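The structure under discussion appears below in the form of structure tokens.
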Amino acid sequence: MARVAIVGVGHSKFGKRSDASLRELAFEAYSDALDDAEIESSSIDGSVVCSATHYDKQRSPAGVVAEYLGLNPKPTFNVEAACASSAVGLRTAWSLISSGLHKAMAVVGVQKMTELPSRDIQELMGRAGDVMWESPFGTTMPAYYAMYATAHMARYGTTEEDMAAVTVKNRKYGTKNTKAMFQKPVSIEDVLKSRPVSTPLKLFDCCANADGAACLLVANATKARKITDRPVWVAGLGLASSPMALAGRHGPMTSFEVTKNAAKSAYEMARVKPSDIDVAEVHDSFSITEILNYEDLGFARPGRGMKLLKDEETALGGKIPVNIDGGLISKGHPVGATGASQVTSVVQQLRKEAGDVQVDGAKIGLAQNIGGIGMYAAVSILKA
Amino acid sequence: MGFEKFGQSGYLSQTKVTPLISYLEKGVVVGTRCKNCRKLYFPPRADCPDCRKSEVEWVPIDGKAKLITFTQVYFAPPAFEQSTPYILGLAELDHGLRVFAPISRDIDLKELKPDLELVLKPKQAGEGVFYQLEKPA
């Protein structure tokens with residue numbers, strides 16, 4: 112199998128970016144990635160623009176993004192998989208490069224969310240579920256994840272304090288990430304006292320809508336070695352789907368089959384097992400999601416996710432540090448940019464450039480990105 | 159047209175399974191059964207992906223339900239803001255079918271726990287018609 116590497120990563124500041132438009136955010140991340148790789152646009156032969164386009168005022172944003180980045184007339188198109196858009200963008204670029212059609216591509220994840228009035232955001236959130244059978248009852252994004260939380264609490268005794276501890280951990284690491292939306296720590300008490308959103312989830316159990324962009328420069332092995340002496344190899348890619356309707360899913364609703372399926376493909380392709388992973392970025396759209404992800408990725412046995420957390424095994428210095436860049440809970444969640452942001456943090460770890468949160472001897476990293484209410488999941492495994 | 163009546167605030171109006179609305183108005187919860195392979199679908203489907211046939215018949219669904227999970231929604235989409243907080247549930251029906259539905263306002267959040275026996279019943283509210291999970295009689 113042809114080898115494909117990430118040769119550069121870039122990241123804008125995430126948050127309420129009322130100073131910048133979608134295309135300008137994309138430029139920040141792309142330019143940052145070119146600087147990181149020490150190359151110019153002439154080395155890039157196409158772009159994959161990843162965004163959940165229903166948030167964008169610009170229809171088909173790849174058009175203006177490619178233009179603004181100076182990448183015309185090279186190929187460009189949009190990839191959309193809700194919150195997993197740029198993880199799927201990486202898979203797309205991997206395939207295009209493996210096929211020989213391209214040699215080096217820019218995967219640009221970008222989202223502009225805070226410009227929309229909150230009512231429009233709420234309306235969009237209402238259509239996050241199956242619009243035929245579930246949205247007509249008033250579903251929301253948090254409500255779906257809350258239902259997994261209710262089931263996990265009842266079956267395994269996970270508590271609201273356990274979930275709050277995820278937020279506390281991630282917000283602690285968010286203080287070290289200058290690109291994060293939130294850089295102040297919170298306490299268990301702060302989380303428990305925050306207002307209810309959808310029981311048992313409260314405001315601080317939820318990540319925030321944000322604006323931002325992240326960029327991955329991806330190249331074939333020959334080109335990668337020419338560009339950099341520190342390529343990070345894409346060792347495994349897993350992608351799976353699941354019914355969008357909750358009623359179409361199986362089991363006790365205490366795990367995401369879609370993550371398990373994506374993880375299985377990624378581990379097989381990379382020829383590694385969960386215990387080989389040195390550092391991970393997982394989709395903490397909600398605090399409960401991180402606990403489920405530990406179990407679904409095989410870091411903990413079913414029902415033992417909260418124990419892994421309490422034993423500080425997912426903290427820096429633990430067996431498998433998770434979301435030590437602050438996670439979505441600190442960084443904010445500019446939907447289309449999140450997958451590329453996670454991969455950026457893993458790449459920095461594997462290059463030993465993670466500063467205060469560097470995991471000693473990190474050689475194999477994993478990023479897991481869930482799309483929407485769990486109809487897509489992508490798992491990417493990277494090796495130094 | 160006609161499917162816009164489904165739910166408290168529907169999003170779609172056009173589908174091949176619009177007859178569900180008139181069944182619900184008559185007080186019957188129905189699904190569809192593939193005439194070829196006999197597979198039962200709920201919510202109803204016009205097409206069977208297993209045998210790729212599109213001839214289905216309408217069949218009543220037994221309302222006996224067992225709660226799997228639930229949440230009480232405080233932060234809602236605009237069309238539902240006046241109704242907060244409201245409870246949504248996922249329940250198991252016979253034949254391995256599942257239903258996502260609102261839980262009746264007669265039931266308090268404190269009474270709910272997984273495995274609780276409930277019943278799925280048609281419900282009309284304003285212009286809308288749908289089904290909801292209620293206490294067994």
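Listed in order, the protein sequences are those of chains A and B.
Using the numbering used here, the first residue of the first sequence is number 112, and each one after it goes up by one.
Using the numbering used here, the first residue of the second sequence is number 159, and each one after it goes up by one.
Even for Gly, the Cβ is constructed at its ideal location relative to N, Cα and C.
Values in this document were obtained by computation on a predicted structure and should not be read as measured data.
Own chain, CB closer than 6 Å to residue i, minus 5 neighbours either side, in chain order
i	result
PHE188/A	ALA173
SER154/A	ALA215
HIS263/A	THR269 and THR365
THR455/A	VAL120, HIS122 and ALA325
HIS213/A	ASP156, GLY157 and LEU207
PHE161/B	LEU170, SER171, THR173 and THR176
ARG500/A	Residue 500/A lies beyond the residue range present for chain A, which begins at 112 and ends at 495; the question has no answer from this structure.
GLY126/A	MET292, ALA321 and GLY443
Among the options, nearest to residue i - alpha-carbon criterion
i	options	result
VAL277/A	TYR255/A, LEU312/A and ALA489/A	LEU312/A
ASP156/A	LEU207/A, PHE125/A and ASP467/A	LEU207/A
THR269/A	GLU406/A, LYS474/A, PHE125/A and GLY126/A	GLU406/A
CYS318/A	ALA495/A, HIS444/A, LYS168/A and ASP167/A	HIS444/A
LYS222/B	LYS281/B, LEU178/B and VAL277/B	VAL277/B
ASP252/B	SER180/B, LEU198/B, PHE288/B and ALA259/B	LEU198/B
TYR181/B	ILE261/B, PHE200/B and TRP216/B	TRP216/B
ILE265/B	PHE164/B, PHE258/B and PHE228/B	PHE228/B
ASN372/A	ALA381/A, ALA489/A and ARG336/A	ALA489/A
ASP387/A	ILE475/A, LEU136/A and GLY240/A	ILE475/A
GLU300/A	ALA137/A, VAL279/A and GLN169/A	VAL279/A
ALA381/A	GLU234/A, PHE138/A, TRP344/A and ILE150/A	TRP344/A
Check whether residue i and residue j have beta carbons under 8 Å apart
i	j	result
LEU291/B	MET364/A	no
ILE226/B	GLU250/B	yes
CYS326/A	ALA140/A	yes
ARG230/A	PRO243/B	no
GLN460/A	GLN453/A	no
VAL115/A	VAL160/A	no
GLY409/A	SER376/A	no
ASP467/A	PHE397/A	no
LYS290/A	LYS124/A	yes
GLN222/A	ALA163/A	yes
PHE238/B	GLN166/B	yes
ALA426/A	LYS418/A	no
ILE481/A	GLY347/A	no
TYR232/B	PRO307/A	yes
Below-8 Å beta-carbon distance, residue i vs any chain A residue
i	result
PRO177/B	no
GLY168/B	yes
THR229/B	yes
THR173/B	yes
ILE226/B	yes
ALA259/B	yes
SER241/B	yes
Cutoff 7 Å; reference residue i; Cβ partners in own chain excluding five residues on either side
i	result
ALA148/A	VAL118, GLY119, LEU328, ILE338 and THR339
ALA254/A	SER309
GLU275/B	LYS224 and PRO294
LYS334/A	LYS214 and ALA215
GLY429/A	GLU423
C-beta neighbour in chain B for residue i, strict 8 Å
i	result
MET380/A	no
THR310/A	yes
PRO184/A	no
PRO342/A	no
THR251/A	yes
GLN479/A	no
ALA245/A	Looking at the sequence provided, one finds Glu at residue 245/A rather than Ala. It does; some Cβ of chain B falls within 8 Å.
GLY237/A	yes
ALA163/A	no
PHE248/A	yes
PRO354/A	no
MET486/A	no
VAL160/A	no
PRO296/A	no
ALA346/A	no
THR364/A	The displayed chain sequence assigns Met, not Thr, to residue 364/A. So, interface residue.
Cβ shell of residue i (< 8 Å), same chain only, five flanking positions each side left out
i	result
MET224/A	TYR166, ILE232, ASN320, ALA321, ASP322, PRO445 and VAL446
MET258/A	LEU357 and MET364
LYS163/B	ILE179, GLU285, GLY286 and VAL287
CB contact below 8 Å: residue i versus chain C
i	result
GLU234/A	This model lacks chain C altogether, as its protein chains are A and B.
Contact test: residue i Cβ vs the ligand GDP heavy atom, cutoff 7 Å
i	result
GLY237/A	Only the bare structure without any ligand can be found here, which leaves the ligand GDP out of the picture.
Quiz item: Quick one: any contact between the stretch 430 to 437 of chain A and the stretch 400 to 411 of chain A, if contact means 3 or more CB pairs under 8 Å?
Solution: yes
Practice problem: Pair every Cβ in the stretch 441 to 448 of chain A with every Cβ in the stretch 179 to 197 of chain A, then say whether three or more of these pairs are closer than 8 Å. | Solution: yes
Self-check item: At least three beta-carbon pairs within less than 8 Å, the stretch 260 to 280 of chain A to the stretch 198 to 205 of chain B
Solution: no
Quiz prompt | Inter-stretch contact (C-beta, 8 Å, three-pair minimum) for the stretch 352 to 368 of chain A and the stretch 485 to 494 of chain A | solution = yes
Quiz prompt | contact_flag[the stretch 177 to 184 of chain A, the stretch 281 to 290 of chain A] where n(CB pairs < 8 Å) is 3 or more | solution = no
Quiz item: Counting Cβ pairs, one atom from each stretch, are 3 or more of them under 8 Å apart for the stretch 388 to 395 of chain A and the stretch 245 to 265 of chain A?
Solution: no
Practice problem: Please determine if the stretch 231 to 247 of chain A and the stretch 293 to 300 of chain A are in contact, where contact requires at least 3 C-beta pairs separated by less than 8 Å. | Solution: no
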